[in-house]
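Worksheet for the structure shown next.
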Amino acid sequence: MTPPEPFRALEHIQSLPSWLAGRVAARGRSLVAAAIAEEGLKLPHLAVLAAVCEYGPVAQADLVRRLSIDAKDLVGLLNHLESAGLAVRAPDPRDRRKNAVTVTPQGVRTLRRCAELAEQANEDLLSPLDATERRQLIALLTRLHQA
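Structural data, given as structure tokens:
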């Protein structure tokens with residue numbers, strides 16, 4: 198009688214789609230983070246700057262809600278963006294008790310450059326796949342995300 202094969206728990210975990218997707222996502226985030234570091238930004242800075250560009254001028258409280266970010270963390274991120282000349286805070290014209298944040302022209306240029314860098318990082322991430330496989334992967338990930 199042959200002994201039963203031992204349960205390969207780690208192998209099992211590492212074969213799960215959830216584990217694989219998480220590892221690929223972590224690698225993708227790492228590649229994008231390294232790429233945008235060239236512009237002096239981290240991923241949270243980029244998210245705030247993108248939201249300001251899309252919704253601005255926007256109240257800081259609205260950014261907190263839209264990005265699900267702690268208000269104290271947002272202040273630190275905005276301080277960095279403002280000192281880098283990428284965003285400005287000024288009294289909100291609709292409610293002078295609040296600050297509204299606006300992206301600067303330099304901030305828009307930086308966002309465009311970061312978009313290019315993120316695209317290049319994602320090209321690196323997907324380099325093992327051909328064009329058809331890339332389209333298929335993106336379609337499948339989009340379906341999972343929307344579900």
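Just so you know, we're using my numbering here: the sequence shown kicks off at 198 and counts up by one. Glycine included, C-beta positions come from ideal geometry on N, C-alpha and C.
Rounded separation between residue 314 and residue 215 - CA only: 27 Å
Assign residue 282 to buried or exposed, taking buried as 16 or more other Cβ atoms, counted over all protein chains shown, within 10 Å of its Cβ. Exposed.
Residue 209 to residue 220 span [Cα, whole Å]: 15 Å
Sequence-distant residues of the same chain with beta carbon closer than 6 Å to residue 295, five excluded per side: 256 and 289
Please work out which residues of its chain come closer than 7 Å, Cβ to Cβ, to residue 242, disregarding the five sequence neighbours upstream and downstream, and give them in chain order. 274, 277 and 278
Close-in-space but distant-in-sequence residues of the same chain around residue 339 (CB under 8 Å, 5 per side omitted): none
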